[in-house]
Structure formats: structure tokens, C-alpha cells
Amino acid sequence: MTLERLRIFVAVAEREHVTAAARTLNLTQSAVSNALGALEVEHQVRLFDRVGRGVVLNETGRAFLPEARAVLARAAAAEAALADMSALRRGRLAVFASQTIASYWLPRRLVAFHAAHPGIELDVAIGNTREAAEAVLNGAAEIGLVEGAVDAPALSQATVGSDRLAVLVTPDHPWATRSRLAAQDLTATSWVLREPGSGTRSTLEAAVRMAGVDPAALAVAMTLPSNEAVLAAAEAGAGATALSESVAYASVAAGRLATAPFALPERPFRLLRHKERYRSKAGDAFIAAMG
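Dropping the structure here:
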């Protein structure tokens, strides 16, 4: 059974005339007759009674007609859905963003994209850089947005923004009044850090390593799974930390934390996409809006 045969059956059933149906469908009379015959032979039923030169639906044909119409309606709805998705009138886009991006950089871009494409549902998940990369690799998300470096040959990576980390301490910490910190000084205090796999943690460790200090030499007192938890612990005096300047801005402005004089490099925000998986038009439009 094919959609074309169903269309022909419905056209003939509605007109009870092969020639009229053929004219409507822009087919030859023999093509219509052959399609009806093939449908009946395939399922070993008779759908029409041939009365004189015309055709009349029999009981089987009358029972089958609403089913055929329903199938054609579903096919038309599916075709319309694909057309809407192609034209960005409807659809869904799954994005996985690491925490700093999701909380401080991404929201206004999501709002702008939604205003431009209100029919596209945005499904945004939040985790760390490693989790975002895994989501794009396994197809759970079409787009990943991360702060950390990703070693995954299957993923394409493009820079879409940046920020800078700051070393932060409480105002009464000795580093708060120092004019300069050497790399070796970083091992002389306790630290509160994000979990391994986060872009914030990997950026700090890379910078410390570049300065000639083994990151394992840092005295990590606490490892916490979110920027907010790290920020609260640092404000409570649990140790020094490194967080995005955007994350720490309010705490520094309010005097709850101070920026220590150890410069960390700017880090890029990377957009991840699988090189081989299907790339939707919604995804392409989202990326274009990042510019």
C-alpha cells in the first residue's frame, strides 16, 4: 500500500467515477484503474462494485474510506510539520551549556533567538564542560557551549565569546593587600574549586601549570559542583578560589571578596557541534545569532 494508491482510492470513492478522478489527479484513466486494481489484489479485497460504466463503493470500501482519509491527513500533517521546521516556524533545539555561560553569557542571546523564532522550543541543559561535550557526542544536544578545552576529534569547535577568571579571597586574607603574587605563592593557602571536568577548574590548572607550578600542589580544601556553592564557600573564608569575573562581580562590588593580584589568561567560549550528526536549520539559525 502506498500513499499514491490511497489518494487515488479516495479520489475515486468521493466521485464514484474513474474518469473524473483521473482528471482531478492529472492521471490517465488506465493509471487510475491499474492503481485501484493493484490495491485490491494486494489485499485480496474488492472495494468497489462495477455497475454499468461506473463504480460504487461496496461495504468494504465504505469501511476503508475513513481510514484512508485519516492516513492521508496524517501524511499531510507530517509534510506540513517538515515544511514548518524548514522555515523555522516550529521545532525544538537542544543546547547544553556549562554553568558560567548558562548563567551570565547565554540568557540574553536565548531571549533574542526566541524573539526572532518564537516557534522554536529551546531545551537548555546545564552542567560542566565535560558533560556538555558528552551530550553533543551522544546526540542528547545538538549544540554545546563550554568554557574549557575539549579534546574530541568528532566535535567541531568555534569561538563565540570569552571571559576572564579572577583569583578571589576574602578581604582579610593576606593576598587581598598584596601588590603582586608569584606562582609559588599559590601553594601557600587553601583553595575552594569547581569539580574536575569544569572549564573553570581546567582553565585555572592550565594557567598554574604554565606558570611553572604543578596544580596538584594546590591545597584544595573543598571541591564543589557549582559556581554559586564555590562563591558562598569562598565568602565564608574556606579558601581562595578562581571564578569568572562575571560570576564574582557582585561579591567583589559588595566587598565580600577581593581580587588577588595574580593574572589569569582570557579564556574562549567554545561552541561545539558534532561533525557527522544532522545539523538542523534551527541550530544553524542559533549559531548565526551568536555572532
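Sequential numbering of the sequence shown, starting at 1, is according to the working numbering. For every residue, glycine included, the Cβ atom is placed at its ideal position computed from N, Cα and C. Computed from a prediction, not measured in an experiment: that's the story for all the values here.
- Counting along the chain, Phe96 sits inside the beta strand (DSSP E) bounded by residues Gly91 to Ser98.
- Counting C-beta pairs with one atom in each stretch, the stretch 66-74 and the stretch 83-99 have fewer than three that are closer than 8 Å, which means they do not touch.
- Secondary structure note for Thr19: its alpha helix (DSSP H) is the uninterrupted segment Val18 to Leu25.
- Selection Leu65, Ser190, Lys275 and Val10 evaluated against Ser156 yields Lys275 as nearest (Cα-Cα).
- With a cut-off of 8 Å on Cβ pairs, the stretch 43-57 is not in contact with the stretch 75-83, counting fewer than three such pairs.
- With 16 or more other Cβ atoms inside 10 Å of its own Cβ, Ser280 counts as buried.
- Counting along the chain, Phe113 sits inside the alpha helix (DSSP H) bounded by residues Pro107 to Ala116.
- Contact holds between the stretch 243-263 and the stretch 218-232, because three or more Cβ pairs, one in each stretch, are under 8 Å apart.
- Taking C-beta atoms as the reference points, Ser190 and Ala221 count as a pair closer than 8 Å.
- With respect to the C-alpha of Gly161, the residue from Glu147, Glu235, Pro153 and Thr177 having the closest C-alpha is Glu147.
- Taking the CA atoms as reference points, Gln184 sits about 23 Å from Glu235.
- If you keep only unbroken alpha helix (DSSP H) runs of at least 4 residues inside the stretch 183-242, you get 199-210 and 227-235.
- Per DSSP, Pro66 lies in no beta strand (DSSP E) segment; the continuous alpha helix (DSSP H) that holds it begins and ends at Glu59 to Ser86.
- Annotation: the continuous beta strand (DSSP E) that includes Phe269 extends over Glu266 to His274.
- Excluding its 5 nearest sequence neighbours in each direction, Ala97 has C-beta neighbours in its own chain below 7 Å: Leu106, Val124, Ile126, Ala132 and Leu145, listed in chain order.
- In the three-state reduction of the DSSP assignment, Ala263 falls in the coil class, being assigned neither a helical nor a strand state.
- DSSP places Leu145 inside the beta strand (DSSP E), whose first and last residues are Ile143 to Val146.
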